[in-house]
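Mapping of the sequence shown onto our numbering: residues 6 to 203, in sequence order.
See structure below.
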Amino acid sequence: MIKKDLIVKLRQRTGAGIMECKEALKETEGKIEEAIVYLRKKGLSKAKKRASRKAEHGAISAYIHTGGKVGALIEVNCETDFVSRNETFQKFVKDMAMQIVAANPAYLKRKDVPLKVIEKEKDILSSQVDSKKPEEILEKILQGKLEKYFKEICLLEQPFIKNPEITVEEHLHQHIARIGEKLEIKRFSRFKLGEEID
């Protein structure tokens, strides 16, 4: 018998549904950390299965931070009009707009980052590394710094602001598993008062 407080705890940490939490805890014999991994894997496999489907419905949402000095617009697509009006979906879209305002990503995913931007960042990072170290160590340090850079500028790789233990991508996959449809963050823009437009 799985205790109710364990289900509640797992739900608070993952945002998964009650039945999913119960199933995960049963599968992992009540071990909460293992149940979190179980739910993440399940969300990822469901997301992969739905990746080839078309997502032509959805919503555009805005979030304006208190004081009206910074805001974001985002478009998130789903497969059906029914889901686009679903409260869970709407909350997800709003949370993503808040994420953009708070964490200021420049790109959606790593492959969207232009090569010239990566090369420029590599030059900057190389100048910060002690060049007296052996070549293979320098390369590992540089790669580590570059990974950290991607986690800062790519929305899907950022820690989710409401649960930093997971990434935005994991949060997206949890919602795909929960809603049962392909969800796709299509595009976004962040606006800051007085900011120059490139």
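Where a beta carbon is used, it is the ideal one built from N, C-alpha and C, also for glycine.
- prompt: Is the region 27-45 touching the region 60-68, taking contact as three or more C-beta pairs under 8 Å?
  reply: no
- prompt: Sorted by chain position, which residues of the same chain lie with C-beta nearer than 6 Å to Asn82's C-beta, five sequence neighbours on each side aside?
  reply: Ala60, Gly63, Glu189, Lys191
- prompt: Are the beta-carbon atoms belonging to Lys150 and Leu130 less than 7 Å from one another?
  reply: yes
- request: Counting only runs of 4+ residues fully inside the region 67-125, write out the alpha helix (DSSP H) ranges in chain order.
  value: 86-89, 92-108
task: Could you have a look at Glu200 and say whether DSSP puts it in helix, strand or coil?
output: coil
field: Proximal residues to Lys138 (C-beta, below 8 Å), its chain only, five neighbours per side dropped
entry: Ile146
field: Straight-line gap, Met103 to Glu201 (C-alpha atoms, nearest Å)
entry: 21 Å
- prompt: Can you list, in chain order, the residues of its chain whose CB lies under 6 Å from that of Val98, leaving out five sequence neighbours each side?
  reply: Ala64, Ser66, Val81
- prompt: Between which two residues does the alpha helix (DSSP H) carrying Ile166 extend?
  reply: It is not in any alpha helix (DSSP H) - Ile166 carries neither H nor E in the DSSP assignment.
- request: Answer yes or no: do Glu186 and Thr172 have a C-beta to C-beta separation smaller than 7 Å?
  value: no
field: Nearest residue (CA-CA) to Glu170, options Thr71, Lys197, Arg45, Asp10
entry: Arg45
message: Would Val106 and His70 qualify as a contact pair, given that the criterion is a beta-carbon distance under 7 Å?
response: yes
message: Checking the sheet assignment: what are the DSSP bridge partners for Ala64?
response: Val81
field: Cβ neighbours of Asn109 in the same chain (closer than 7 Å, five flanking residues each side left out)
entry: Arg195
query: Excluding the five sequence neighbours on either side, which residues of its own chain have a C-beta within less than 7 Å of the C-beta of Glu140, listed in chain order?
result: none
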